[in-house]
Each structure stands twice: as C-alpha cells, then as structure tokens.
Amino acid sequence: MDLITRCSELPHEKLCEEIRIAGLAYKHALDVGSKADVEMAESVLNWFLDELADRLRGSAAPMARDSREDEPVPQ
C-alpha cells in the first residue's frame with residue numbers, strides 16, 4: 000500500500016494527529032536540523048495538510064491526488 004492510499008484511508012482524527020506530529024517534527028528540524036531535514040519535514044507536513052484541505056473542501060479525492068502525482072512522495 001502506498002502513502003497516498005494509506006493517507007486517504009486515515010480517519011479524520013488520525014489524520015489530525017499525523018499533522019500534529021509532522022508539525023512537531025518540522026519545528027524540531029527548524030531548531031536543530033539541516034536544510035535537507037527542514038525541507039523533508041515541511042514536505043511531509045504539507046502532504047498531510049493537503050489531504051486535510053481536500054477533505055474539508057469535499058473535492059473528489061481521485062482528482063486531487065492526480066494533481067499531486069508529479070510531486071515526490073515523502074518517505
């Protein structure tokens with residue numbers, strides 16, 4: 000199962016928890032990390048925030064994901 004599938008299957012509460020954790024990781028990377036660490040943490044945080052925004056907008060999930068196909072998948 001890929002990250003897109005796993006992310007789309009997360010319940011709302013779990014997605015919000017993942018966003019909180021990603022935000023903490025981003026803050027930590029800003030405090031002590033290298034530029035690469037900050038960029039990776041920001042990418043992961045943005046990934047989860049995009050998923051939440053798609054859900055809140057009520058957009059068609061497949062269309063929203065197709066628009067992000069060219070973006071690198073956070074690991």
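Each step along the sequence shown adds one to the number in numbering that gives the first Met the number 0, with nothing skipped, and position 29 is 28. Think of the CB as a built atom: it goes at the ideal place given N, C-alpha and C, for glycine as much as any other residue.
Around the CB of residue 35, fewer than 16 other CB atoms lie within 10 Å, so the residue is classed as exposed.
A residue is called buried once 16 or more other Cβ atoms fall within 10 Å of its Cβ, and residue 52, having fewer, is exposed. Taking residue 38 as the centre and dropping the five residues before and after it, the same chain places no C-beta closer than 8 Å to its C-beta. Boundaries for residue 33: no alpha helix (DSSP H) harbours it, and the DSSP string shows neither H nor E there.
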